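The next block holds one structure in the form of structure tokens; read it before the comments.
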Amino acid sequence: MANHGFTSHSHSLEKMASIDAQMRLLAPRKVSEDDKLIEYDALLLDRFLDILQDLHGEDVKETVQKCYELAGQYGKTDGQGDMEKLGELKDVLDSLDPGDSIVVASSFSHMLNLSNLAEEVQIAYRRRAKQKRGDLADENSALTESDIEETFDRLVHQLGKSPIEIFEALKNQTVDLVLTAHPTQSVRRSLLQKFSRIRNCLSQLYQKDITNDEKQELDEALQREIQAAFRTDEIRRTPPTPQDEMRAGMSYFHETIWKGLPKFLRRVDTALKSIGVDERLPYNVPLIQFSSWMGGDRDGNPRVTPEVTRDVCLLARLMASNLYFAQMEDLMFELSMWRCTDELRARAVQLEAFNKKDAKHYIEFWKQIPASEPFRVILGEVRDRLYNTRERMRQMLSSGKSDITEEETFTSADMILEPLELCYRSLCETGDQNIADGSLLDFMRQVSCFGLSLVKLDIRQESERHTDVLDAITTHLGMGSYREWTEEKRQDWLLAELRGRRPLFGSDLPMTDEIRDVLDTFKVVAELPQDSFGAYVISMATSPSDVLAVELLQRECKVAKPLRVVPLFERLDDLEAAPAAMRRLFSIDWYLNRINGKQEVMIGYSDSGKDAGRLAAAWSMFKCQEDLVKVAKQFGIKLTIFHGRGGTVGRGGGPTHLAILSQPPDTIHGSLRVTVQGEVIEQSFGEEHLCFRTLQRFTAATLEHGMHPPISPKPEWRELMDEISRVSTEEYRSIVFKHPQFVHYFRNATPETEYGRMNIGSRPAKRKPSGGIESLRAIPWIFAWTQTRFHLPVWLGFGGAFKAAFQKSNQNVVLLRQMYNEWPFFRVTIDLIEMVFAKGDPRIAALYDELLVSDELKPLGEKLRVMYAETRELLLKVAGHEDVLQGNPTLKQRLRLREPYITPLNVQQAFTLKKIRDQSFHVRDPETPKGENSGKQSSELVGLNTTTEYPPGLEDTLILTMKGIAAGMQNTG
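Everything in the sequence shown is counted per the UniProt record's numbering, starting at 1 for the first residue and increasing by one.
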């Protein structure tokens, strides 16, 4: 193996990069004085190309470099010249043999990952530089960032809020971040850890006080990590289990969130002090909470069984007790002082006496016993019970039983907090508050936030599964079919049972496997500690009986403390009917008494967008939230809206700050719950500074929305939005659901059929094995169009809506401009679509059509590309922009920098799909196990040995291009 040190390559940071001058000319220009992105990207590219040459030879390196140059020239020029370069790129990539094809695809995928790391380091660098200068946020960053100090300053000095008002608002504010296991994390965890080390090396290389020796050592370490990442198989050979997903999700708590939370809360304390609040936030304020769907989300996922739910709950409790035990050891080492209050000394002596089996006399002689380290005595007892707690969880996980009784363990977070509070009080009262406000306060905040469960697990199940259970019960009781009853009859029966006490069924109830699964899940909830669970979410909810059904099943399965029941409204019709459904539910006295003035409702961005298009879905959710809040106020209920956002714009994604500040007035009110999905988890919590920034964004934006709500839309804006949403839905559905060739075209022009081979999640790609677009999950629906750079689900419908508005009245152009400039919701909607157009490229989509689509389907593709171009122009007209991202040069630069990496992967993917589909190999359904008669493929170049029915090299090449393009788009679905 070649030595990549300074000696063999004569590298120097001053030289920066030895890549060809032509490649450097393709890079975009700097956008500011503190812009180091081009330097970061060039350095990483240089190091990677050297490694590639040493591992695979000069020819492969030259091929990769030539593809990079051609793609860069294609993206930089206009007119026919760029298509000529694309033609040359096609010739180079199509001529590769299977082995080289794998290496080239892997190279561009890795280079995109490295480019993303350069972006992250640049963001962190700019942030530090701004803080050192003491600058307030510039206009551009103010639109996308939520700095806690700047938010406080703006609320006080620009909006006239008092520091006490801010303090009180924060004490009553809650942001609950719900980590989900949606299959959108395309990068393996082993690679993410290597990327973290690359990021750290790159950051340190550019520190001003670094010595030459340190530079050389860091550069060598950088090269090692890049090579190790390149040598790691990017492809998952088997799908992850729900337990695997849960372990991966929980690893973020161990690596960043556990330490990141108290650091963030300290920053909040500091920011409060800067506006004149001398008091710290109480340790038990619920400012940030964490929940999870990993192992609880069984909607359409047969792999999430009751046993899985039990395992992930116990595993999370084991991880929590492990973290607490380690922290307690550190705290005992720190709190070695002897001075304490009489209250604490009495407790310490009591514990010593008990330990010495001399308890009955401790009161008489406690003052005489020299408890020289009383804090350690108190904390030692906590440590010992934490040890028992940990060991009990370990035994329960392995065998389902334990020889350690619950009495020997902690069964609630309050049991841990009580002795910690005693230590805190004692330190404060004896003049050591500065010590109390150190690690001890941090630990109390951690215990208060994470509890014994680390995260609270939500259960999610589809409403029809509950209907199946109740139908079996009523049929067994001879009452008829619950499924065939009217909504009124269902409600009457459910309420009668809820008000009564008789058991509904016994062991003689006939059960299918599906019914047994639903009931066993409720039994697991009943058996495990109550603090393990959060909400019970009902997907595809439509009516009050859906909620009452879950309430009844919880009672029947003896859930001592029933989970709060959260209806999830997803499709357009359900969103429109949701306020009326909740009004009927709140009108039921039994239910109103049950919820104690609090209700949570979830709205789904993914399925509503797939159902009606992005514009109509966004407007429908806006109005739904407004109406839900009005209904809740009528009944005196505090409503929390749970936002089911994905990573992409098509699934509700986008900058956190913008997403929160564009919500309707009065819909957040200091209480926000939101999903953090797939690769977004890594982008949010993969590093300590990312974790800090995520917590800051959610906290600051939620505070600002509550204390300075956005304006309500004017009546004429509402009227126009209603009209363009109607037209948008009609155009979207006329293509997606009504065009007779669309489904066939979609599955030919995109890699949707091959999506399941990526093994990036435990859930099947479809809710039902057969069916059209309606049965396809929102993730592969978005994923497939993202891969081809066409992004159809995001923009389709906008063009028809705007064209109709312009044709109806010239005044509508003025009105739409006014909406864009004055209404946050509309501006965010348009800006996010504009960003998607900046990422899109219809010429690439045309290449997929050229290679993959039959002649009779090609006119549909051409029609869609004409619609794409029209929509883009109309969108710019509404925004008053001459070009996309006119007001965001930083993002424009980043996208421009990725272009030479993404385009070769698109071309290679299109050709690979053609070769796969042209071969006379039987292609299995990716959701079924591989057969015994599959052909074999050996990819020795990257150390792979896999079995597949695809021709040699093609499957790995295809998956590598998918993962690379996902990295380039920075989202998979």
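Using N, Cα and C, we set each Cβ at its ideal position, and we do this for glycine too.
Here the structure is a predicted model, which means the values were calculated and not measured.
{"Item": "For residue 536, report the span of its beta strand (DSSP E) as first-last.", "Value": "533-539"}
{"Item": "Thinking residue 388 and residue 409 are a contact (beta carbons under 8 Å), I'd like their distance in whole angstroms, please.", "Value": "5 Å"}
{"Item": "So, is residue 62 buried or exposed, given that buried needs 16 or more other C-beta atoms within 10 angstroms?", "Value": "exposed"}
{"Item": "For residue 234, I'd like the list of residues in its chain whose CB is within less than 7 Å of its CB, leaving aside the five on either flank, ordered along the chain.", "Value": "106, 109, 188, 191, 960, 963"}
{"Item": "Quick check: the Cα distance between residue 496 and residue 549, rounded to an integer number of angstroms?", "Value": "12 Å"}
{"Item": "How is residue 477 classed by DSSP in three states: helix, strand or coil?", "Value": "coil"}
{"Item": "Can you list, in chain order, the residues of its chain with a C-beta nearer than 6 Å to that of residue 295? Leave out the 5 residues immediately preceding and following it.", "Value": "242, 246, 308, 309, 312"}
{"Item": "To the nearest angstrom, how far is the alpha carbon of residue 265 from that of residue 281?", "Value": "8 Å"}
{"Item": "Check each candidate in 60, 50, 118 and name the one with the smallest Cα separation from residue 37.", "Value": "118"}
{"Item": "Would you tell me roughly how many angstroms separate the C-alpha atoms of residue 630 and residue 587, rounded to the nearest one?", "Value": "14 Å"}
{"Item": "Pull up the distance between the alpha-carbon of residue 954 and that of residue 906, whole angstroms please.", "Value": "14 Å"}
{"Item": "Could you please give the first and the last residue of the uninterrupted alpha helix (DSSP H) stretch that includes residue 962?", "Value": "954-969"}
{"Item": "Looking at C-beta atoms only, is the number of pairs between the stretch 589-608 and the stretch 617-629 that lie closer than 8 Å three or more?", "Value": "yes"}
{"Item": "By the 10 Å Cβ neighbour count, where 16 or more other Cβ atoms means buried, how is residue 908 classified, buried or exposed?", "Value": "buried"}
{"Item": "To the nearest angstrom, how far is the alpha carbon of residue 467 from that of residue 802?", "Value": "42 Å"}
{"Item": "Sort 302, 257, 349 by Cα distance to residue 323 and report the nearest one.", "Value": "257"}
{"Item": "Have a look at the DSSP bridge pairing and note the partners of residue 674.", "Value": "177, 643"}
{"Item": "Per DSSP, what are the beta-bridge partners of residue 462 in this structure?", "Value": "539"}
{"Item": "Kindly give me the distance between the Cβ atoms of residue 151 and residue 659, rounded to whole angstroms, as I take these residues to be in contact under 8 Å.", "Value": "About 16 Å; that fails the 8 Å criterion."}
{"Item": "Out of 422, 170, 754, 42, point me to the one whose CA is closest to residue 340's CA.", "Value": "422"}
{"Item": "Within the chosen definition, does the stretch 521-537 reach the stretch 437-449 through at least 3 CB pairs nearer than 8 Å?", "Value": "no"}
{"Item": "What does DSSP give as the partner residues of residue 638 in its beta bridges?", "Value": "598"}
{"Item": "Below 8 Å on the Cβ atoms is my guess for residue 739 versus residue 155; work out the distance and round it to an integer in Å.", "Value": "Not really, about 50 Å apart at Cβ, beyond 8 Å."}
{"Item": "Determine the burial state of residue 72: buried for a count of at least 16 other Cβ atoms within 10 Å of its Cβ, exposed for fewer.", "Value": "buried"}
{"Item": "Tell me, please, which residues DSSP counts as bridged to residue 297.", "Value": "460"}
{"Item": "Measuring only the C-alpha atoms, how far is residue 966 from residue 725?", "Value": "30 Å"}
{"Item": "Alpha carbon to alpha carbon, how far is residue 893 from residue 29? Give it in angstroms, no decimals.", "Value": "8 Å"}
{"Item": "In chain order, what residues of the same chain have a beta carbon less than 8 Å from the beta carbon of residue 498, not counting five sequence neighbours either side?", "Value": "548, 551, 552, 555, 590"}
{"Item": "Quick check: the Cα distance between residue 202 and residue 228, rounded to an integer number of angstroms?", "Value": "16 Å"}
{"Item": "Residue 489 and residue 530 - do their beta-carbons sit closer together than 7 Å?", "Value": "no"}
{"Item": "Go through its chain and collect everything with a Cβ distance to residue 899's Cβ below 6 Å, but skip five positions before and after it.", "Value": "75"}
{"Item": "Could you tell me the distance, in whole angstroms, from the CA atom of residue 902 to the CA atom of residue 402?", "Value": "54 Å"}
{"Item": "Give me the Cα-Cα distance between residue 879 and residue 330, rounded to the nearest whole angstrom.", "Value": "56 Å"}
{"Item": "With DSSP run on the structure shown, which of helix, strand or coil describes residue 184?", "Value": "For residue 184, the pLDDT reaches just 44, beneath the cut-off of 50, and the residue's location in the model is therefore unreliable, although a value from the coordinates is still provided. Three-state result, residue 184: coil."}
{"Item": "Who pairs with residue 567 in a beta bridge, going by DSSP?", "Value": "538"}
{"Item": "Looking at the structure shown, is residue 663 part of a helix, part of a strand, or coil, going by DSSP?", "Value": "coil"}
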